[in-house]
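> Residue numbers 8 to 417, in our numbering, belong to the letters of the sequence shown in order. Glycine residues also receive a C-beta, built at the ideal position from the N, C-alpha and C atoms.
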Amino acid sequence: MEAYKADPNKKKSWSEVNKGRKEEKRKWREINLEKKMKKQQLKGENKQDVDAAASLVPKTISTLSIAVPGSILENTQTPELRCYLAGQIARAACIFQANEIIVFDDHSDEPFAKKAKFDDEQGEKQSRYSCVQLSKILQYLECPQYLRKFFFPIQNDLKYCGLLNPLNAPHHLSVKDNFIFREGVVLNTPVKDGKGSTVNVGLLRQVRVNQALVPGIRCTVKLLPQEPNIKKLKGILVSPNLPRSETGIYWGYSVRVANSLSDVFSQCPYKEGYDLTIGTSDRGSAVDQFVCPKYKHLLVVFGGVQGLEAALENDSVLDADDPKLLFHNYLNTIPEQGSRTIRTEEAILISLAALRPKLNPEFQSKTFDGNDTEYQEDSVLPGKVPRAKAGSESDKTGPVADDMSRFDSD
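What follows is the structure in structure tokens.
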């Protein structure tokens, strides 16, 4: 007798069919609800980023630019002194909050001078070797320590930068420093379309920003309040001028190379140009009687070993006979000097100190008070103190592995 076999083609009962349909509908309902929630969340995040970015338009602030000849490095005796001289200029620019340093060639008529190539915003250019080396050292010192390994490979021009005094600028933040703005570099990490870019800002975690950028670019990031249970930090790309216009904090300087004295003026990065220019020389009028008018962009030009007169004479574009005709004011910032000569690095410090109480910027930057500018990594709300206090535990913490802070330690 054959055993009984269930018929696979036998129709299911209505209750079984109804139960299966309900289960399937429930699954589809959950899937659709999940998709809808993700879409709303993404829409809300994008709207938040757009609204935040729209409110981050930097205010106009009057700027200070200084121009120094690169040939002053050729007057030093050793490579170590060359590097140290550049460090003195960087320190002076940082102390007096210069926005721009122009390194110009005051011997542009020498056809057989040693040249070097450098990358500019317009592409690859060539200039006097001493000008290029000075600009590299100035850029290296201005760059935050954790970014130097990305932008400055090992090279002879920076061989002795480890001997230099650190700038200790406000934007040179360590891992322990909590501040709402940070400098960063765009990383070459895979990111989904529409998700922006990943930026290394010197913290233990990377930051996801709202725009897609080419990897390897330096950028300024404003950190957003951290959401709980979110692994990656979020931020917004902002203008490098925003930290100072919003908080009043000094945010470093830019470096530009000019192949002649005339290029200092003609290649000005500001649309309106420099509306107040000051030349410094022992043949100028005494700074004591100087009354500074209102200005948007101030330029102070310093001469080399032979002064601005030699720079004007070596310039093939300028046809003026007297350097006084090039500037709105031609000042002697050290009247009745005791030494026959004043070195350029000394003149920068003395001149900026003499001019500082007389400056009359049209758009004054706000005074930095440290309120509401700290980023708390473990909290949603911002704090109040921008940097760790001197002598705190953060000052005693050693450098993070694989960063470049060992070249810029106090």
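Would you decide whether residue 267 is buried or exposed? Buried here means 16 or more other CB atoms lie within 10 Å of its CB.
Counting Cβ neighbours within 10 Å, residue 267 comes out buried, since at least 16 surround it.
> Count the other CB atoms within 10 Å of the CB of residue 35; is the residue buried (16 or more) or exposed (fewer)?
Answer is exposed; the Cβ neighbour count stays below 16.
> Which parts of the segment 319-354 are runs of the beta strand (DSSP E), unbroken and 3 residues or longer, counting only runs that do not cross its ends?
336-339, all fully within the segment 319-354.
> May I have a chain-ordered list of the alpha helix (DSSP H) segments no shorter than 4 residues that lie completely inside the segment 153-191?
With a minimum length of 4 residues, the continuous alpha helix (DSSP H) runs that stay inside the segment 153-191 are 155-158.
> Whole angstroms are fine: how far does the CA of residue 185 sit from the CA of residue 168?
Spanning the two alpha carbons is a distance of roughly 27 Å.
> Have a look at the DSSP bridge pairing and note the partners of residue 113.
Its beta-bridge partners do not exist; DSSP assigns none.
> With a threshold of 7 Å (Cβ to nearest heavy atom), would residue 309 be considered close to the ligand SAH?
Looking for the ligand SAH in the displayed structure turns up nothing, as the structure carries no ligands at all.
> Roughly how many angstroms separate the alpha carbons of residue 367 and residue 333, rounded to a whole number?
Each residue's Cα considered, the two are about 21 Å apart.
> Decide if residue 149 is buried, meaning its Cβ has at least 16 other Cβ atoms within 10 Å, or exposed.
Residue 149 comes out buried.
> Can you give the beta carbon distance from residue 315 to residue 307, rounded, assuming they're within the 8 Å contact cut?
Actually they are not in contact, since the Cβ atoms of residue 315 and residue 307 sit about 12 Å apart, beyond 8 Å.
> Along the chain, where does the beta strand (DSSP E) containing residue 143 start, and where does it finish?
Per DSSP, residue 143 belongs to no beta strand (DSSP E); it is in the alpha helix (DSSP H), 136-149.
> Straight-line CA distance for residue 260 to residue 235?
Each residue's alpha carbon lies about 36 Å from the other.
> Going by DSSP, what residue range makes up the beta strand (DSSP E) through residue 100?
Note, residue 100: premise wrong, no beta strand (DSSP E); alpha helix (DSSP H) at 86-102.
> Run through DSSP, which three-state label would residue 301 get?
Correct three-state label for residue 301: coil.
> Per DSSP, which one or two residues make a beta bridge with residue 73?
Residue 73 pairs with 108 and 307.
> Should the segment 269-282 be called in touch with the segment 84-100, which here means at least 3 C-beta pairs below 8 Å?
The segment 269-282, when compared against the segment 84-100, does not touch it at the 8 Å Cβ threshold.
> Between which two residues does the beta strand (DSSP E) harbouring residue 292 extend?
First-last of the beta strand (DSSP E) with residue 292: 283-293.
> Taking 8 Å as the cut-off, does the segment 179-198 touch the segment 147-167 (at least 3 CB pairs, one atom from each stretch)?
Counting Cβ pairs under 8 Å, three or more are found: they touch.
> May I have the straight-line CA-CA distance separating residue 138 from residue 163, to the nearest angstrom?
For residue 138 and residue 163, the distance between alpha carbons rounds to 15 Å.
> Helix, strand or coil for residue 128, going by three-state DSSP, please let me know.
Of the three classes helix, strand and coil, the one that applies to residue 128 here is coil, per DSSP.
> Can you tell me whether residue 285 is buried or exposed, with buried defined as 16 or more other CB within 10 angstroms of its CB?
Result: buried.
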